[in-house]
Amino acid sequence: MISALRKCALTVIVALFIAAFGNLVGALHRLILVAARICCIAQLDTPLVHDLVLLQVVGVYLWLFGWIFVIIERAVATVFTGSYERKCAGYTIPAILCGIVITLSSVSACVSRFRLIDNFDLFAMFVQIAGVVICLLALIAIILYNKTVYQARHDTMMQLRNRYQLDENIRGSRYLIPVAANNVLTKAVYVLLMAYSIYFTDIPIGHDTTHLSHAYDLLFAYERIFFVLALTIRSEKFDHFLKRKKRITNAIHNQETAVSSHFTNLKTLWA
-14 MISALRKCAL TVIVALFIAA FGNLVGALHR LILVAARICC IAQLDTPLVH
36 DLVLLQVVGV YLWLFGWIFV IIERAVATVF TGSYERKCAG YTIPAILCGI
86 VITLSSVSAC VSRFRLIDNF DLFAMFVQIA GVVICLLALI AIILYNKTVY
136 QARHDTMMQL RNRYQLDENI RGSRYLIPVA ANNVLTKAVY VLLMAYSIYF
186 TDIPIGHDTT HLSHAYDLLF AYERIFFVLA LTIRSEKFDH FLKRKKRITN
236 AIHNQETAVS SHFTNLKTLW A
């Protein structure tokens, strides 16, 4: 049963990996662009800059759809607690998830890059802002619902496997809360920066080439770094690794103390 639950978590891992890969693509885009401008081969408006825009939007959409599907997976695990373990144990769902996210990201990136729909970038920006807020609220609702059901497990005579699934839902959702909260925070700062550009500098969205553009770069760099650090530090394996080293040190110290006391006692007896 535990191994089946770990396979169910594979869907979350795949979705998080896609989101992390999107962040990596965005970071590579900025690195290439900065390096090109340092070498004076990509100034403000060149074909290279326009070509790199596609790389940027692909990274943004991979991160967005990957993160949304992480929350959707947690919601599905909550709604179908009784059958989720049995139906989602395998690699079919993660494979389908990859296909959906890659397809949505590719279509959205092409529409945005080639201007196939008017004002699509503005619509996508609103989707990003609304998406991170809804994801945070959904995670909070998932945690509260699972805790309520888990507290009533004795009254409802719940099966043991369903209790394990509820506990998995609670722990998995709590694991994601810091990232979701930070996403909302960064998007709030992003909105404030855009408001400053529009209302105080009269610069249209996406055309800011002043020092304020560096604030956007720093903000998104912070978001990517926090994403990786938060998920790494809060992971069970990382926590187990730290505690394991501490336990080993304590065990060695206790053994050394025991051996020293043993020989001290022998010396006292033979004295």
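My numbering puts the first residue of the sequence shown at -14, with every later residue one more than the last.
Each residue gets a CB set at the ideal place from its N, CA and C atoms; glycine is no exception.
Since the structure is predicted, the reported quantities are computational estimates derived from the model, not experimental observations.
Would you mind working out which of Thr77, Ala5 and Arg71 sits nearest Tyr149, comparing C-alpha positions? Translated into positions along the sequence shown, residue 149 becomes position 164. Taking only the C-alpha atoms, the option nearest Tyr149 is Arg71.
Reducing DSSP to helix, strand and coil, say where Gly75 ends up. Translated into positions along the sequence shown, residue 75 becomes position 90. In the structure shown, Gly75 sits in coil (DSSP, three-state: anything other than H, G, I, E or B).
Nearest neighbour of Asn56, chosen from Phe212, Tyr181, Leu170 and Ser158 [CA to CA]: For the purposes of this step, residue 56 is identified with residue 71 of the sequence shown, where counting begins at 1. According to the sequence as given, residue 56 is Ile; it is not Asn. Selected option, being the one with the closest Cα: Ser158.
For Gln144, name the three-state secondary structure that DSSP assigns. Counting from 1 along the sequence shown, the entry for residue 144 is found at position 159. Note: Gln144 maps to coil in three-state DSSP.
Whose C-beta lies closer than 7 Å to the C-beta of Tyr130 among residues of the same chain, with five residues either side of it excluded? For the purposes of this step, residue 130 is taken as the residue at position 145 of the sequence shown. If we look at Tyr130 and ignore the five residues flanking it on each side, its Cβ neighbours are Thr63.
Tell me which same chain residues have a C-beta within less than 6 Å of the C-beta of Ala4, skipping the five on either side of it? Here residue 4 refers to the residue found at position 19 of the sequence shown. Excluding sequence neighbours, Ala4 sits near Trp48, Gly51 and Trp52.
Exposure label - Tyr76; buried when at least 16 CB within 10 Å: The count along the sequence shown starts at 1 and reaches residue 76 at position 91. Looking at its Cβ environment, which holds fewer than 16 other Cβ atoms inside 10 Å, Tyr76 is exposed.
Between the segment 118 to 133 and the segment 93 to 109, can you find at least three pairs of beta-carbon atoms closer than 8 Å? no
Can you find the residues in the same chain that come closer than 8 Å, C-beta to C-beta, to Val213, ignoring five residues on each side of it along the sequence? Along the sequence shown, read from residue 1 onward, the residue named residue 213 stands at position 228. For Val213, where only same-chain residues beyond five positions count, the Cβ hits under 8 Å are Ala5 and Asn8.
If I measure Cβ to Cβ from Leu178 and keep anything under 8 Å in the same chain, skipping five residues before and after, which residues do I get? Within the sequence shown, the letter at position 193 stands for residue 178. Result list for Leu178: Leu197, Ala200, Tyr201 and Leu204, in chain order.
Could you check what DSSP says for Leu89 in three-state terms: helix, strand or coil? Translated into positions along the sequence shown, residue 89 becomes position 104. If DSSP states are grouped into helix, strand and coil, Leu89 belongs with the helices.
For Asp202, which three-state DSSP category applies? Residue 202 sits at position 217 when you count from the first residue of the sequence shown. Residue state, collapsed to three classes: helix.
Exposure label - Tyr69; buried when at least 16 CB within 10 Å: To locate residue 69, count along the sequence shown from 1; it is residue 84. It is buried - the Cβ of Tyr69 has at least 16 other Cβ atoms within 10 Å.
When we look at the beta-carbon of Tyr184 and count the other beta-carbons within 10 Å, is it buried (16 or more) or exposed? Your numbering for residue 184 matches position 199 in the sequence shown. It counts as exposed.
In three-state terms, what does DSSP make of Asp36? On the sequence shown, position 51 is the one that residue 36 refers to. In this structure, Asp36 counts as helix in the three-state DSSP scheme.
Who are the Cβ neighbours of Ile(-13) in its own chain at under 6 Å, not counting the five residues just before and after it? To locate residue -13, count along the sequence shown from 1; it is residue 2. In this predicted model, Ile(-13) has a pLDDT of only 40, less than 50, meaning its place in the structure is not dependable enough to derive any value.
Would Cys73 and Thr171 qualify as a contact pair, given that the criterion is a beta-carbon distance under 8 Å? Counting from one through the sequence shown, the residue named residue 73 turns up at place 88. Counting from one through the sequence shown, the residue named residue 171 turns up at place 186. Their beta carbons are not under 8 Å apart, which means Cys73 does not touch Thr171 by this criterion.
Which one of Val(-1), Thr186 and Ala180 has the shortest CA to CA distance from Ile85? Here residue 85 corresponds to residue number 100 of the sequence shown, with the count starting at 1. Checked all of Val(-1), Thr186 and Ala180; the closest Cα to Ile85 is Val(-1).
Go ahead and pull the three-state DSSP assignment for Asp152. Here residue 152 refers to the residue found at position 167 of the sequence shown. Looking at Asp152 - three-state DSSP - the assignment turns out to be helix.
With respect to the alpha helix (DSSP H) encompassing Phe108, which residues constitute its N-terminal and C-terminal limits? Your numbering for residue 108 matches position 123 in the sequence shown. Phe108 -> alpha helix (DSSP H) spans Phe105 to Gln136.
Is DSSP giving Phe99 helix, strand or coil here? For the purposes of this step, residue 99 is identified with residue 114 of the sequence shown, where counting begins at 1. Residue state, collapsed to three classes: coil.
If distances are taken between C-alpha atoms only, which option among Tyr175, Ala21 and Ala137 comes closest to Gln113? Translated into the one-based positions of the sequence shown, residue 113 becomes position 128. It is Tyr175.
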